[in-house]
Amino acid sequence: MLDTLFPFKRNYLDRNGHKLQYVNEGLGEPVVMVHGNPSWSFYYRNVVSALSCNHQCIVPDHIGCGLSDKPDDSGYDYTLKNRIDDLEALLEHLNVKENITLVVHDWGGMIGMGFAARYPERIKKLVILNTGAFHLPKAKPFPWALWICRNTLLGTGLVRGFNAFSSIASYVGVKRKPMSSEIRKAYVAPFNSWANRISTLRFVQDIPLKEGDRNYELVSEIAASLPKFSNVPTMICWGLKDFVFDKHFLAQWKVEMPHATVHEFADCGHYILEDASDEVVGHITQFMSRDSAAV
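Take any residue in the sequence shown, count from 1 to its spot, add 151: that is its number in our numbering.
Below, the structure written as structure tokens:
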């Protein structure tokens with residue numbers, strides 16, 4: 152069933168002894184799609200299908216996610232800097248160094264924009280989907296469910312013992328229509344044991360909330376880099392019923408990227424590419440078909 156839903160060749164990069172799986176479909180200018188937590192490259196399957204006729208579509212699975220290896224803490228340091236390093240290593244391996252369109256979602260915003268901050272001259276366009284690349288907005292309370300997962304043994308047990316984060320996300324992440332059982336199974340399939348759920352938990356534990364937290368300064372640097380993209384054509388598609396990346400995050404993006412074209416979906420949630428797949432993929436396809444001067 153997964154091969155039918157996700158009919159792309161599996162490619163692997165040896166990354167410090169671990170296999171990093173990535174999709175690499177089509178020819179043309181590169182479109183690099185960066186997923187978040189608790190999803191994997193499967194999230195972008197419909198975008199790849201739509202764009203690969205005219206573009207090189209590159210979609211990695213972060214270490215610990217999807218079809219990539221899932222080492223324990225002794226084999227991999229699950230932190231933002233390493234995620235950015237992994238993305239940079241993959242694009243270096245593929246010799247992708249110019250005219251990049253970045254498509255980012257959830258943690259992919261911080262990872263993708265972390266890469267972009269290092270190489271702003273390589274970025275041609277940006278597509279932003281329910282994500283962040285800055286600290287938690289002041290008006291946004293940190294969600295209690297994430298606090299439990301981030302800070303308590305109960306959260307560890309729920310996430311790693313019962314796959315609570317990935318499983319619940321497959322239900323609450325969509326609002327317009329439920330996922331089919333086949334799609335939901337595909338989302339949670341890679342996270343099928345205590346060992347294989349390590350990244351799901353480590354992502355949450357890696358969220359920096361105050362000075363002194365690991366990655367706090369790195370997030371500050373990424374946020375400070377955003378003005379470098381003020382002339383980069385940018386499109387935002389946003390599900391307004393996302394309980395984490397909600398109206399407060401969208402408002403901050405509008406401040407950071409006042410030039411962006413914004414499409415808001417009042418009845419959609421976090422997994423905007425599931426809730427409004429046809430519309431969002433259509434917006435992305437149109438956005439990609441315009442030359443930069445016309446955007």
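Ideal Cβ placement from N, Cα and C applies to all residues, glycine included.
Counting only runs of 4+ residues fully inside the segment 304-380, write out the alpha helix (DSSP H) ranges in chain order. 304-307, 315-323, 332-339, 349-356, 367-376
Member of S381, I373, I423 whose CA lies at the smallest distance from the CA of D397: In the sequence shown, counting from the first residue as 1, residue 397 sits at position 246. Cα-wise, what sits closest to D397 is I423.
Taking the alpha carbon of D212 as the point to measure from, which residue in K232, P189, E430 has its own alpha carbon closest? By 1-based counting over the sequence shown, the position of residue 212 is 61. Closest option to D212, Cα to Cα, is P189.
Which residue comes first and which comes last in the beta strand (DSSP E) that contains E176? The residue you call residue 176 lines up with position 25 of the sequence shown. Note, E176: beta strand (DSSP E), 169-176.
L238 and L369 look like a contact to me (Cβ under 8 Å); what is the Cβ gap, rounded to whole Å? Here residue 238 is taken as the residue at index 87 of the sequence shown, counted from 1. Here residue 369 is taken as the residue at index 218 of the sequence shown, counted from 1. Rounded, the Cβ-Cβ distance is 14 Å, inconsistent with contact.
R311 to T351 span [Cα, whole Å]: Numbered from its first residue, the sequence shown carries residue 311 at position 160. Numbered from its first residue, the sequence shown carries residue 351 at position 200. For R311 and T351, the distance between alpha carbons rounds to 8 Å.
Roughly how many whole angstroms lie between the Cα atoms of A402 and R365? One-based indexing of the sequence shown puts residue 402 at position 251. One-based indexing of the sequence shown puts residue 365 at position 214. So the two alpha carbons sit approximately 26 Å from each other.
Can you give me the start and stop residues for the alpha helix (DSSP H) that D439 sits inside? Numbered from its first residue, the sequence shown carries residue 439 at position 288. Note that residue 439 is Met in the sequence shown here, rather than Asp. First-last of the alpha helix (DSSP H) with M439: 428-440.
In the DSSP assignment, the beta strand (DSSP E) including F416 goes from what residue to what residue? On the sequence shown, position 265 is the one that residue 416 refers to. In the DSSP assignment, F416 falls within the beta strand (DSSP E) that extends over 412-416.
For C208, collect the residues of the same chain with a Cβ closer than 6 Å to its Cβ; drop the 5 residues on either side in sequence, then sort them by chain order. To locate residue 208, count along the sequence shown from 1; it is residue 57. So the qualifying residues of the chain are E176, G177, V182, V199, L202.
How about W295: is its C-beta nearer than 8 Å to some C-beta of chain D? Going by chain labels, chain D is absent from the structure shown, which holds only one protein chain.
What are the boundary residues of the beta strand (DSSP E) that C204 is part of? Numbered from 1 along the sequence shown, position 53 holds the residue referred to as residue 204. From DSSP, C204 is part of no beta strand (DSSP E); its letter is neither H nor E.
Where does S443 sit, in a helix, a strand or coil, going by DSSP? Position 292 of the sequence shown, counted from the first residue, corresponds to residue 443. Low confidence applies to S443: its pLDDT is 43, below 50, so where it sits in the model is not reliable enough to give any reading.
Using a Cβ-Cβ cutoff of less than 8 Å, which residues in the same chain neighbour N451 once the five nearest sequence positions on both sides are dropped? The structure shown has nothing for residue 451, since the chain only spans 152 to 446.
Between which two residues does the beta strand (DSSP E) carrying V247 extend? The residue labelled residue 247 in the question sits at position 96 within the sequence shown. It is not in any beta strand (DSSP E) - V247 carries neither H nor E in the DSSP assignment.
For D165, which three-state DSSP category applies? Locating residue 165 in the sequence shown gives position 14, counting from the first residue. In the structure shown, D165 sits in a strand (DSSP, three-state: E or B).
Backbone secondary structure at N188 - three-state DSSP: Locating residue 188 in the sequence shown gives position 37, where the first residue counts as 1. Correct three-state label for N188: coil.
Alpha-carbon to alpha-carbon, S225 and E415: Taking the first residue of the sequence shown as 1, we reach residue 415 at position 264. Taking the first residue of the sequence shown as 1, we reach residue 225 at position 74. The straight-line gap from Cα to Cα measures roughly 42 Å.
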